[in-house]
Amino acid sequence: GQKKLVQLFDSGEVCAFRIKYPNGTVDVFRGWLSSLGKTIASKDVMTRTVKISGVGRPYLAEEGTETVSVTGLTVSPASASVKVGATTTLTFTVKPDGASDKAISVHSSDPQTATVTLNGLVATVKGVKQGSVSIVGMTSDGDFVAVATVAVSAAG
176 GQKKLVQLFD SGEVCAFRIK YPNGTVDVFR GWLSSLGKTI ASKDVMTRTV
226 KISGVGRPYL AEEGTETVSV TGLTVSPASA SVKVGATTTL TFTVKPDGAS
276 DKAISVHSSD PQTATVTLNG LVATVKGVKQ GSVSIVGMTS DGDFVAVATV
326 AVSAAG
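Note that the numbering used here has the sequence shown beginning at 176, numbered continuously upward.
Set out below in structure tokens:
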């Protein structure tokens with residue numbers, strides 16, 4: 176992270192260093208020339224201002240702690256049923272328990288049949304009309320997916 180960049184700068188060593196900002200912009204430094212076009216002299220001060228949100232891992236940049244990669248994602252139950260107008264919950268589990276980034280996103284394969292909202296790792300599915308949908312959960316890095324099938328039946 177930032178500490179390694181400062182160490183490289185102080186040593187004068189010529190290396191490549193990639194920085195991905197929260198807005199998705201990627202800046203690659205080769206030696207001390209940024210891909211965004213800024214030349215950085217050997218003792219210039221380089222300043223970047225970014226707004227950090229709670230998504231992803233930016234808070235780990237200065238901690239120096241080891242990042243624990245996600246190795247899997249599961250959902251329970253794998254199939255459920257709900258009536259139109261009612262809700263049911265699905266619980267997602269990120270593996271291992273000590274993973275550094277446990278953030279996930281969830282989506283309904285057909286929001287006209289059932290909608291889904293997420294609170295932590297618990298998804299609430301609301302039946303909209305009769306049918307069947309897949310509720311898809313994905314880790315923030317996009318490497319792991321878990322799918323639950325939800326059958327929506329008539330109210331009453």
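From the three backbone atoms N, C-alpha and C, an ideal C-beta is built for every residue, glycine too. Here the structure is a predicted model, which is why all the values come from computation and not from measurement.
Asked	Found
Beta-carbon proximity list for leucine 296, same chain, < 8 Å, skipping 5 on both sides	Thr266, Phe267, Thr268, Val269, Lys277 and Ile279
Presumed contact (8 Å Cβ cut-off) between threonine 288 and threonine 299, rounded CB distance	Threonine 288 to threonine 299, Cβ: 15 Å. No contact.
For threonine 242, the three-state DSSP class (helix, strand or coil)	coil
Same chain, Cβ closer than 6 Å to threonine 314, neighbours up to 5 away in sequence not counted	Val245, Leu248 and Ile279
Cβ-based burial, serine 283 [other Cβ within 10 Å; buried from 16]	buried
Rounded C-alpha distance that separates arginine 232 from valine 259	Caution applies to arginine 232, whose pLDDT of 43 falls short of 50 and renders its modelled position unreliable; the value that the coordinates give is listed next. Approximately 38 Å between the Cα atoms of the pair.
Bridge partner(s) assigned by DSSP for valine 311	His282 and Val322
Distance CB(alanine 326)-CB(glycine 312) smaller than 8 Å	no
Outcome for serine 228 when other beta-carbon atoms lying within 10 angstroms are tallied against a minimum of 16	For serine 228, the pLDDT reaches just 45, beneath the cut-off of 50, and the residue's location in the model is therefore unreliable, although a value from the coordinates is still provided. With fewer than 16 Cβ atoms within 10 Å of its Cβ, serine 228 is classed as exposed.
Check whether alanine 255 and threonine 262 have beta carbons under 8 Å apart	no
With 16 other Cβ atoms within 10 Å as the buried cut-off, status of alanine 330	exposed
Nonlocal neighbours in the same chain, by C-beta distance under 8 Å from valine 257, ignoring five residues either side	Thr263, Ala289, Val300, Lys301, Gly302, Val325, Ala326, Val327 and Ser328
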